[in-house]
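Number of protein chains: 4
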Amino acid sequence: MIPAKLKTAVVGATGYSGLELTRLLLRHPRVETPLLLSRQGEGEGALNLADLFPVLSGNGRYPLQPLSWATLKETGVQLLFLATPHQASRALVPEAVAQGLRVIDLSGAWRLKEAQHRAVYGFQDEGSLTAAELTEKAIYGLPELHRDRIASAAVVANPGCYATSVILALAPLLRAGLVDRERGIISDSKSGVSGAGKEPTARTHFVSVADNLSAYSVFGHRHTGEILEQLGLDAGELIFTPHLLPIPRGILSTIYVHLNREMKPAEVECCFREFYQGQRWVRIFATPRLPEIQFSVNTNYCDIGFCLAEDGRRLVLVSCVDNLLKGAAGQAVQNMNLMYGWEEEEGLA
Amino acid sequence: MIPAKLKTAVVGATGYSGLELTRLLLRHPRVETPLLLSRQGEGEGALNLADLFPVLSGNGRYPLQPLSWATLKETGVQLLFLATPHQASRALVPEAVAQGLRVIDLSGAWRLKEAQHRAVYGFQDEGSLTAAELTEKAIYGLPELHRDRIASAAVVANPGCYATSVILALAPLLRAGLVDRERGIISDSKSGVSGAGKEPTARTHFVSVADNLSAYSVFGHRHTGEILEQLGLDAGELIFTPHLLPIPRGILSTIYVHLNREMKPAEVECCFREFYQGQRWVRIFATPRLPEIQFSVNTNYCDIGFCLAEDGRRLVLVSCVDNLLKGAAGQAVQNMNLMYGWEEEEGLA
Amino acid sequence: MIPAKLKTAVVGATGYSGLELTRLLLRHPRVETPLLLSRQGEGEGALNLADLFPVLSGNGRYPLQPLSWATLKETGVQLLFLATPHQASRALVPEAVAQGLRVIDLSGAWRLKEAQHRAVYGFQDEGSLTAAELTEKAIYGLPELHRDRIASAAVVANPGCYATSVILALAPLLRAGLVDRERGIISDSKSGVSGAGKEPTARTHFVSVADNLSAYSVFGHRHTGEILEQLGLDAGELIFTPHLLPIPRGILSTIYVHLNREMKPAEVECCFREFYQGQRWVRIFATPRLPEIQFSVNTNYCDIGFCLAEDGRRLVLVSCVDNLLKGAAGQAVQNMNLMYGWEEEEGLA
Amino acid sequence: MIPAKLKTAVVGATGYSGLELTRLLLRHPRVETPLLLSRQGEGEGALNLADLFPVLSGNGRYPLQPLSWATLKETGVQLLFLATPHQASRALVPEAVAQGLRVIDLSGAWRLKEAQHRAVYGFQDEGSLTAAELTEKAIYGLPELHRDRIASAAVVANPGCYATSVILALAPLLRAGLVDRERGIISDSKSGVSGAGKEPTARTHFVSVADNLSAYSVFGHRHTGEILEQLGLDAGELIFTPHLLPIPRGILSTIYVHLNREMKPAEVECCFREFYQGQRWVRIFATPRLPEIQFSVNTNYCDIGFCLAEDGRRLVLVSCVDNLLKGAAGQAVQNMNLMYGWEEEEGLA
């Protein structure tokens, strides 16, 4: 007997992550065509997703509908994806959980446990019991670190794109106690423009971005908190500097650490290979090869490589992800696969 | 005795053409630092142009001021550049002329003589005497065609960027009666994104433009009217198709004509060389070399090349300009040079 | 009983088309992992395809082997893909056919029936009986035009990328006798750089291409012959002008035709829809929407749209394909699907 | 009396730096049209520079000539620019000095005093007296650090592009003793493709670079030596990581230092402003503004900005130059201006 397919809905399918997620769900063998919920699906001018993204044309119709709990109930949706701004996710998740839905939230709304890190988001509901409870309950959706807890989670907080590239590169060394944290860790990260969202702004105008590179949010980017929490670092132990690249998608993080004992390249490689043994979506590069953005774009891989100084102490890590796949929608599907007991590569290969 | 420098003002220095024009005027040896007039120069938060365009930083301050006829009078401004939307130019020129100012308008407001072509702009003042009179009086600012009339003009209507590339490529052949107009002329034109203006829109978002090419305004682009008028063509004799290129600046027009007699490549080249004999800012390419966008970007040149079929009848022209220079601000400076009797290359070489 | 998977080999997997083809075959449900044959697979330094294209890393090993007919025989290869230069294909196909292999050749070696068009390729074997026979026998692999003959073909000559975009846009109108051929057809086509091949040259250097656009091979591009043959046009009836775009992949052709009777947009659309009724890989855009390169990149679609002048006679067509998919490797897989009686979308959706 | 113009020659005008230098010299008011010397100027097929770079067309002819000491003597050349590979510069400079010419060498041949750093260049002449003497005599051509010695130098070793961006950003803080060198300095630098030279390679192919970012030569880039020497650092105190950006030109270095005492942003800014007081070609950005590549491209500026952590200790510097101007040809002209007692901005503004 063929098992029934999972019923899902996507809120915010009209953004870059939401579109990417929708495309993945449409070809996922265990999932029904998702309900697409959006403010642009309301009223007489209700849109079809293919009107916004003609790349979808010709494969069927993708009508957008207004968000309604009644509709979700009637149609039997079991899993709700939120590809919404964090304020919206903050408001929607409590109700979704109350309705008995499982949720994968792609925003930053539920990723942070510590109030000091959450402060940058300025939530209105900081004092509420529900918010506090859900903050506790939400699982940070990085499968390579929290596989088991994701499997049974009611709410998965899908990681930030930058955070994914930085955490996965650092976790093996930090967990093994190999990093001299006092000397400080630096992640010099560079992202394509889709990471800045679909809203047209002076900053995302083609003429502003093309032939350019710029650093931004130095010492103040929102993803810093989740990197610190997930890696167990103090704020003073990490500098994270994002840059805007003149490319549509992809992230490369160049990460600098001091090891607290002299190592050989083979030992470093071994540390990574052991940590990621059996992990479907992490690739370790043997030195001297290094990941490049092109290698992981349009895949769900996080690629990790490194270069060790002759002194055996100073280590440069290079980590790449596609910000819309392993950095967002692909990781959300990987989390869904875990939550329903499917192979982690289903719908992603 | 050193002649006094010309006093000028620029309205709209915060757009791409206005900035380019300001940069040219700042280094022009016969022009004083221009007054920069803008709505962004009003009130307490009045901006400095270098705040908007840090490329200008470090060479002085460029305060923006609100537009005021009194200020223009007091400071003795003689020449007013308008780098404003066409509605604004339509409103400002009559007053400027009344105040005794000469004007170079970079918008489409005063380029067209025939009402049928002006219709696409939808001006509110179509019935007014002043508008009618100024429409008559304004000189189309293409120096290679109207040098003498520009020299004495009160109002110069600076050509459109696409129009410059198309008109200059076709004028020699049409004037010589060599084109079989009945078979139709096609200009397949491609422009960088700065031609679409500085306003952030879904269409100018980096992710929409990068790795892409799109045709737009087919059979309906505003520059069509000025091409027809300047070349004396009927609407049915020209198809003009603009495309948006994933580059910041530059235009390439590929133009298809049928000659009405069999010619040799040397004759075609000769036709161009004679027509543009002594013209500082047009370069003719000898076949088989063809202009490319890179060759003319950051210069005031219009580059023209061609390829003739073996039948000696079918001719492909390739014409390139920098849309912000020969296609806008550079041409405006060239027009100013003519209006004040200076060498045409002053401030442009 | 599960049918045995097809055994295939790819010669030239280290070029852009060969790599794309290999990636498609690797995930095709009815095909075994293909043998990868290349000069770079010879001797001690034999390469793994993932060494050249790290994007393949982590999914297995892809050893390159030298080309050997004995190996092909022993391993039971049934279908041979040639992603080789046309001279190599010209040499390899006769032997492959003699060995009883079916062949899909991605080069221009066997696409042309008429000697006048083949002349541009300068083959050494023009006088040979085998070459003449195979020229007759080879089927032009455009499924939308030659589905039945492809199904039973021994040798499929996979179409050129530009040619695919032009032929599919024009065939419906020409077959319906709607085009005024005497007035001439123009295809102004623009391609991404992967179409120029992987060889590093002055022309493919990043600094030469970026921020640029250039026309090339005007009146002399090799794809002209196949367009003329497939559409039944005389050389004087078509101008085909290729341009090099600063993007990695994708083609957009803007095509100009005169209709020989006045038509309405709905009639034009209807002509296209009827012609491509049931065709999986052609999408027709309803006016005023037009295809853009982004819409078809990374898909096997050929997208076709149009804009009709008010006179109902002058028609602008816009046609887009991904030059490496519908323009090369995707079409090759589509042809394979036809040759073995599978659904045309297998391995391509 | 108008002083006679300087007679110069450029060896290697056909590379990117050589072309840029030639363009600057052609418009420099105190310099005659330079002699252009190149192997591509030899024999019957001797080239004109405009054949290679059509952007130069129409402004005169630029014939390339073979390098000949006799010609240099006859034409009275006083200053020789070498835009040649370092091996060629190593061979040419001794003879040029023997001939009484002053030299500005744009290669890495004479930048390094310490043998350990020179080792990466593998010179054949390491043991020769002349080489040793010239190594001593050559002045590192960074005007902001060595103005006086450059003025009287016979041989100026023009700095590397990356090195310029890193040294100028760090010199003020290091000279003031503000940097905790033991904690290590990191420069994460990113460059456009023209920095990789004009040779077409797999690495400079458009398809390899576009939509990509890659780190290279980690712990092994040749510019490391000059940074260390100029800043008086030990090899273990600096990590310099270059990256290849998908843009034609421009460098951005993000530099990480620990201050050895707590500072305020205003103090840091003050340190920079004092150090570069009166320097024409360095711009300091007041926090929170940061330089971007676009701001300095096509100028001779080095732009420097910074961001200080709340702890007043951890400092991120951002430094930008145009690799072909302040990073090569512009700096060479600035050095020439110093050598002949002209204003430092002559020919560069």
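Chains as they are written, first to last, in the numbering used here: chain A, 245 to 593; chain B, 245 to 593; chain C, 245 to 593; chain D, 245 to 593. In this text, a Cβ means the ideal position worked out from N, Cα and C, and glycines have one as well.
CA-CA distance, residue i and residue j?
{"i": "Leu280 (chain B)", "j": "Ala576 (chain B)", "result": "16 Å"}
{"i": "Val423 (chain C)", "j": "Gly385 (chain B)", "result": "40 Å"}
{"i": "Gly441 (chain C)", "j": "Asn544 (chain A)", "result": "27 Å"}
{"i": "Val399 (chain A)", "j": "Arg466 (chain A)", "result": "20 Å"}
{"i": "Glu288 (chain A)", "j": "Gln309 (chain A)", "result": "11 Å"}
{"i": "Gln368 (chain C)", "j": "Gln474 (chain C)", "result": "24 Å"}
{"i": "Ile429 (chain C)", "j": "Arg355 (chain C)", "result": "22 Å"}
{"i": "Gly320 (chain D)", "j": "Gln331 (chain D)", "result": "26 Å"}
{"i": "Gln521 (chain C)", "j": "Arg419 (chain C)", "result": "15 Å"}
{"i": "Pro338 (chain C)", "j": "Leu326 (chain C)", "result": "12 Å"}
{"i": "Trp586 (chain D)", "j": "Val275 (chain D)", "result": "11 Å"}
{"i": "Gly366 (chain C)", "j": "Gly352 (chain C)", "result": "11 Å"}
{"i": "Leu592 (chain C)", "j": "Arg334 (chain A)", "result": "39 Å"}
{"i": "Arg305 (chain B)", "j": "Phe463 (chain C)", "result": "53 Å"}
{"i": "Phe529 (chain C)", "j": "Ser452 (chain B)", "result": "19 Å"}
Does the beta carbon of residue i sit closer than 8 Å to a beta carbon anywhere in chain C?
{"i": "Ser438 (chain D)", "result": "yes"}
{"i": "His449 (chain D)", "result": "yes"}
{"i": "Pro310 (chain A)", "result": "no"}
{"i": "Val462 (chain B)", "result": "yes"}
{"i": "Tyr500 (chain B)", "result": "yes"}
{"i": "Gly469 (chain B)", "result": "no"}
{"i": "Ala298 (chain A)", "result": "Note on identity: in this sequence residue 298 (chain A) is Pro, with Ala being the wrong assignment. So yes, Pro298 (chain A) belongs to the interface."}
Check whether chain D comes within 8 Å of residue i, counting only Cβ atoms and requiring the distance to be less than that.
{"i": "Arg558 (chain A)", "result": "yes"}
{"i": "Phe539 (chain B)", "result": "yes"}
{"i": "Arg527 (chain B)", "result": "yes"}
{"i": "Ile430 (chain A)", "result": "yes"}
Does the beta carbon of residue i sit closer than 8 Å to a beta carbon anywhere in chain A?
{"i": "Asp566 (chain C)", "result": "no"}
{"i": "Ser596 (chain C)", "result": "The first residue shown for chain C is 245 and the last is 593, placing residue 596 (chain C) beyond what the model contains."}
{"i": "Ser301 (chain C)", "result": "yes"}
{"i": "Arg533 (chain C)", "result": "yes"}
{"i": "Ile483 (chain D)", "result": "yes"}
{"i": "Pro387 (chain C)", "result": "no"}
{"i": "Pro338 (chain C)", "result": "no"}
Residues of chain B with CB under 9 Å from residue i, in chain order?
{"i": "Pro492 (chain A)", "result": "Phe450, Val451, Ala454, Asp455"}
Going along chain C, which residues have a C-beta under 8 Å from residue i?
{"i": "Thr445 (chain D)", "result": "Pro444"}
Listing by chain order, which chain C residues have their CB less than 7 Å from the CB of residue i?
{"i": "Val562 (chain B)", "result": "Ala459"}
Quick one: which chain A residues come within Cβ less than 7 Å of residue i?
{"i": "Lys357 (chain D)", "result": "Going along chain A, no residue has its Cβ under 7 Å from Lys357 (chain D), so there is no contact; the nearest lies around 22 Å."}
Give the interface partners of residue i over in chain C, defined as CB-CB distance under 9 Å, in chain order.
{"i": "Pro416 (chain A)", "result": "By Cβ distance, chain C contributes nothing, its closest Cβ being about 17 Å from Pro416 (chain A), past 9 Å."}
Distance cutoff 8 Å, beta carbons only. Does residue i sit that close to anything in chain B?
{"i": "Arg427 (chain C)", "result": "yes"}
Who are the neighbours of residue i on chain D, taking C-beta pairs under 7 Å?
{"i": "Cys551 (chain A)", "result": "Val462, Phe463"}
Uninterrupted alpha helix (DSSP H) stretches inside the stretch 297-355 of chain A (no shorter than 4 residues): 313-318, 330-342, all fully within the stretch 297-355 of chain A.
contact_flag[the stretch 537-544 of chain D, the stretch 363-375 of chain D] where n(CB pairs < 8 Å) is 3 or more: The stretch 537-544 of chain D makes no contact with the stretch 363-375 of chain D: fewer than 3 CB pairs, one atom from each, lie closer than 8 Å.
Whole beta strand (DSSP E) elements within the stretch 477-548 of chain C, 3-residue minimum: Qualifying beta strand (DSSP E) stretches, in chain order: 482-488, 495-502, 526-528.
Contact between the stretch 431-450 of chain D and the stretch 483-490 of chain D (3+ Cβ pairs under 8 Å): Using a Cβ-Cβ distance cut-off of 8 Å, the stretch 431-450 of chain D and the stretch 483-490 of chain D are in contact, since at least three pairs of beta carbons, one from each stretch, lie closer than that value.
Given 8 Å, three or more beta-carbon pairs between the stretch 551-562 of chain D and the stretch 452-470 of chain A: Yes: the two stretches touch, three or more of their Cβ pairs being nearer than 8 Å.
Cβ pair count under 8 Å reaching 3, the stretch 491-506 of chain D against the stretch 523-531 of chain D: No contact exists between the stretch 491-506 of chain D and the stretch 523-531 of chain D.
Three CB pairs or more closer than 8 Å across the stretch 247-259 of chain D and the stretch 568-582 of chain C: Counting Cβ pairs under 8 Å, fewer than three are found: no touch.
Touching by the beta-carbon criterion (3+ pairs, under 8 Å), the stretch 389-409 of chain B and the stretch 407-417 of chain A: The answer is no - the stretch 407-417 of chain A does not touch the stretch 389-409 of chain B, with fewer than three Cβ pairs under 8 Å.
Length-filtered (3 minimum) beta strand (DSSP E) runs lying within the stretch 412-452 of chain C: Complete beta strand (DSSP E) runs here, min 3: 429-435.
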